[in-house]
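Student:
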Amino acid sequence: MCRTGCPTQDHRTWGECARAANLRVAYCGIGGGDATEQKKWDQELAMYRSARAQGIQPDGTKAHQIEAALRASDAAGAAYGRDFSAAAPLPAGVEAM
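The opening position of the sequence shown corresponds to residue 1 in full-length UniProt numbering, with each subsequent residue numbered one higher.
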């Protein structure tokens, strides 16, 4: 009753054989798919954690937001979000004082 690839061929059932082989599912996200999106998300969160460890506070956890905060910090020589932040653009038709 073992799997064809079982080296011992001495298990009572296919399930027992599979458990003995420590089979693992590589990735089983919602709706299937592969791990590409998960890896991208994990990488963005790691980049965010790295920025926060440097004292930088990006405007969000997306890669473009983190990269913008890192570039602004490098250009200013100070931590974006802690020492300075960028103001949002004024709406159309509103003048600065």
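Even glycine gets a Cβ: it sits at the ideal position worked out from N, Cα and C.
Can you give me the start and stop residues for the alpha helix (DSSP H) that residue 64 sits inside?
Tutor: That run of the alpha helix (DSSP H) goes 63 to 76.
Student: With a cut-off of 8 Å, do at least 3 Cβ pairs link the region 34 to 52 to the region 3 to 18?
Tutor: Counting Cβ pairs under 8 Å, fewer than three are found: no touch.
Student: Report, in whole angstroms, the separation of the C-beta atoms of residue 81 and residue 63, which I expect to be a contact under 8 Å.
Tutor: With 8 Å as the limit, residue 81 and residue 63 do not qualify as a contact, their Cβ atoms being about 16 Å apart.
Student: Would you tell me roughly how many angstroms separate the C-alpha atoms of residue 93 and residue 50, rounded to the nearest one?
Tutor: For residue 93 and residue 50, the distance between alpha carbons rounds to 39 Å.
Student: Between residue 9 and the rest of its own chain, which residues show a CB-CB distance below 8 Å, the 5 nearest in sequence each way excluded?
Tutor: Excluding residues within five positions, the ones whose Cβ falls inside 8 Å are 2.
Student: Would DSSP call residue 27 helix, strand or coil?
Tutor: If DSSP states are grouped into helix, strand and coil, residue 27 belongs with coil.
Student: Could you give the C-beta distance for residue 72 and residue 86, rounded to a whole number, given that I count them as a contact under 8 Å?
Tutor: Indeed they touch by this definition, with Cβ atoms about 7 Å apart.
Student: Excluding the 5 residues preceding and the 5 following residue 55 in the sequence, name in chain order all residues of the same chain whose CB lies nearer than 6 Å to its CB.
Tutor: Taken in chain order, the residues that qualify are 79, 82.
Student: On the premise that residue 74 lies in contact with residue 65, defined as a C-beta separation below 8 Å, what is that separation, rounded to the nearest angstrom?
Tutor: The pair is not a contact, with the Cβ atoms about 15 Å apart (cut-off 8 Å).
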